[in-house]
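Beneath this line is the structure, given in structure tokens, with notes to follow.
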Amino acid sequence: MVKCATCAVKNKCLKDMKCDLIKPKYGKIKHVVGVISGKGGVGKSTVTGVLAVQLRKLGYKVGVLDGDITGPSMPRFFGLEKEKTGYAPTEVEDVYKFVPVETGLGIKSISMNFMIDEEEPLLWKGPVLGNVLMQLFTDTDWGELDYLLIDMPPGTGDVAMTIMEQFPVDYLVVVSTPQSMVSMIVQKVVNMAEKLEIPVKGVIQNMSYIQCGKCGERMNVFSNNSAESQAEKMGLPLIAELPINPEFAEHMEAGQAERFAATNPEYDVILEAFKDDEKDIYARNKAVKRKVIPFL
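Per my numbering, the sequence shown starts with residue 8, numbered consecutively.
Following this line, the structure appears as structure tokens:
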């Protein structure tokens, strides 16, 4: 953890600014966004990948940190499951940094599955997982990024708390599905963020509907309740509704999910929702008088 004496912004620090947030050692990151859900199986990693692609289409420099250490999925989304990350020397003798793997669109990604065999289990407990995640954040050579997305583990456990309490998170994006039980569990995450004073941009409802390939009719699969009504119950804006798309699953299996997300217009709804995001961040921080530690 960075102390005041060694902090890069100590000369510009304000007394009410949080000083205990970790910072990357190698590179500059403008915004950190956590993508979270209350439970697994809602397509959170897929939404993280789609969001990364759409931000890249907006012209931003984007990175993805696979924060689900024991169940990493991002290499599969980007079709990079056979890739391995490397280590590069630093200016300090015998000190090395992680080198992220770049996707076809130039998104920088780091994941435990780039360092171990894909099917090798990690038999680690909470404190170790949190420390490893912090090391992946601080010791990766990110270069210059406008956005770093963190694909967070499901639930409200140790690792999620580590990210919310010690990472410089600008806001969270919550992923849900139409079922009422899922919405109830996701509400726990929303309440957790509120208690820890982490802003939430809104909710993306995944698997919201399926569209008939012949007539184009939208059909609800899990619930007839609208996405708007469920978001309203959570007290959150609805960012987007994403469909169940069998064609997307086929592209995922073929390692082409990134290209599919970039070229399929049904995901442009996310692009529209985030095109004024930096203005929204400024307004949100100003409203709560929240200061952000600059990365110099």
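Ideal Cβ positions, reconstructed from N, Cα and C, are used throughout, including at glycine.
Suppose you measure from the CA of residue i to the CA of residue j; what does that come to, to the nearest Å?
| i | j | result |
| --- | --- | --- |
| Leu-243 | Glu-257 | 32 angstroms |
| Gly-78 | Gly-133 | 14 angstroms |
| Ala-59 | Phe-174 | 19 angstroms |
| Ile-192 | Gly-45 | 5 angstroms |
| Asn-231 | Met-122 | 43 angstroms |
| Thr-125 | Leu-87 | Per the sequence shown, the amino acid found at residue 125 is Glu instead of Thr. Approximately 11 angstroms between the Cα atoms of the pair. |
| Asp-27 | Met-171 | 12 angstroms |
| Met-159 | Leu-143 | 13 angstroms |
| Phe-84 | Thr-97 | 30 angstroms |
| Val-176 | Val-39 | 5 angstroms |
| Tyr-103 | Leu-129 | 22 angstroms |
| Gln-61 | Glu-254 | 19 angstroms |
| Glu-235 | Met-141 | 35 angstroms |
| Asp-275 | Phe-281 | 10 angstroms |
| Pro-185 | Gly-150 | 38 angstroms |
| Ile-251 | Glu-273 | 11 angstroms |
| Asn-292 | Ser-233 | 30 angstroms |
| Thr-13 | Ile-29 | Unreliable positioning characterises Thr-13 in this predicted model, as indicated by a pLDDT of 41, which lies under 50. The coordinate reading is nonetheless provided below. Thr-13 and Ile-29: Cα-Cα distance of roughly 12 angstroms. |
| Thr-92 | Ser-215 | 35 angstroms |
| Leu-72 | Ala-294 | 28 angstroms |
| Met-259 | Asp-283 | 29 angstroms |
| Lys-22 | Ser-190 | Legend: pLDDT at Lys-22 = 42, less than 50; position of this residue unreliable, value from coordinates given subsequently. Those two C-alpha atoms are separated by around 38 angstroms. |
| Gly-223 | Trp-131 | 47 angstroms |
| Pro-31 | Asp-101 | 19 angstroms |
| Ala-290 | Val-207 | 13 angstroms |
| Gly-220 | Glu-127 | 39 angstroms |
| Val-54 | Arg-266 | 14 angstroms |
Among the options, whose alpha-carbon lies nearest the alpha-carbon of residue i?
| i | options | result |
| --- | --- | --- |
| Arg-225 | Val-181, Leu-245 and Leu-249 | Leu-249 |
| Tyr-67 | Arg-291, Leu-278, Asn-292 and Lys-104 | Leu-278 |
| Tyr-178 | Glu-239, Asn-271, Ile-288 and Val-276 | Ile-288 |
| Glu-109 | Glu-126, Met-122, Glu-90 and Glu-100 | Glu-90 |
| Ala-4 | Met-168, Gln-263, Lys-282 and Gln-61 | This structure cannot speak to residue 4, because the chain is shown only from 8 to 303. |
| Gln-218 | Ile-211, Tyr-33, Asn-227 and Ala-264 | Asn-227 |
| Lys-37 | Ala-290, Glu-285 and Val-54 | Glu-285 |
| Phe-105 | Asp-27, Ile-117 and Lys-208 | Ile-117 |
| Val-99 | Tyr-33, Arg-83 and Val-182 | Tyr-33 |
| Ile-246 | Pro-253, Lys-221, Gly-209 and Gly-262 | Gly-209 |
| Ile-114 | Ala-95, Leu-65 and Tyr-94 | Leu-65 |
| Gly-111 | Asn-292, Gly-262, Asn-271 and Ala-290 | Gly-262 |
| Ala-264 | Asn-292, Ser-80 and Lys-30 | Ser-80 |
| Tyr-154 | Ala-294, Ile-29, Lys-35 and Arg-291 | Lys-35 |
| Pro-161 | Ser-52, Ile-29, Phe-229 and Met-214 | Ser-52 |
| Arg-63 | Ala-290, Ala-294, Lys-293 and Thr-270 | Thr-270 |
| Gly-164 | Ala-238, Gly-93 and Ile-76 | Ile-76 |
| Ser-187 | Tyr-94, Ala-238, Lys-221 and Val-166 | Ala-238 |
Terminal residues of the continuous beta strand (DSSP E) containing residue i?
| i | result |
| --- | --- |
| Val-181 | 178-183 |
| Val-207 | 207-212 |
Name, in chain order, the residues that DSSP records as bridge partners for residue i.
| i | result |
| --- | --- |
| Ser-116 | Val-71 and Val-108 |
| Lys-35 | Glu-151 |
| Tyr-103 | Pro-96 |
| Val-135 | According to DSSP, Val-135 bridges with nothing at all. |
| Leu-245 | Val-210 |
| Met-226 | Ile-217 |
| Gly-41 | Ile-157 and Leu-179 |
Between residue i and residue j, how many whole angstroms is the CB-CB distance? I'm expecting something under 8 angstroms.
| i | j | result |
| --- | --- | --- |
| Leu-152 | Gly-70 | 5 angstroms |
| Ala-268 | Val-135 | Not confirmed; about 33 angstroms, so no contact. |
| Met-241 | Gln-212 | The pair is not a contact, with the Cβ atoms about 10 angstroms apart (cut-off 8 angstroms). |
| Val-182 | Gly-47 | Actually they are not in contact, since the Cβ atoms of Val-182 and Gly-47 sit about 11 angstroms apart, beyond 8 angstroms. |
| Asn-120 | Pro-82 | 5 angstroms |
| Pro-107 | Thr-145 | Actually they are not in contact, since the Cβ atoms of Pro-107 and Thr-145 sit about 13 angstroms apart, beyond 8 angstroms. |
| Ile-157 | Gly-74 | 5 angstroms |
| Val-42 | Val-180 | 5 angstroms |
Return the first residue and the last residue of the alpha helix (DSSP H) that residue i is part of.
| i | result |
| --- | --- |
| Asn-198 | 187-202 |
| Ala-280 | 275-281 |
| Met-168 | 165-173 |
| Met-81 | 81-84 |
| Met-2 | The structure shown has nothing for residue 2, since the chain only spans 8 to 303. |
| Met-259 | 253-260 |
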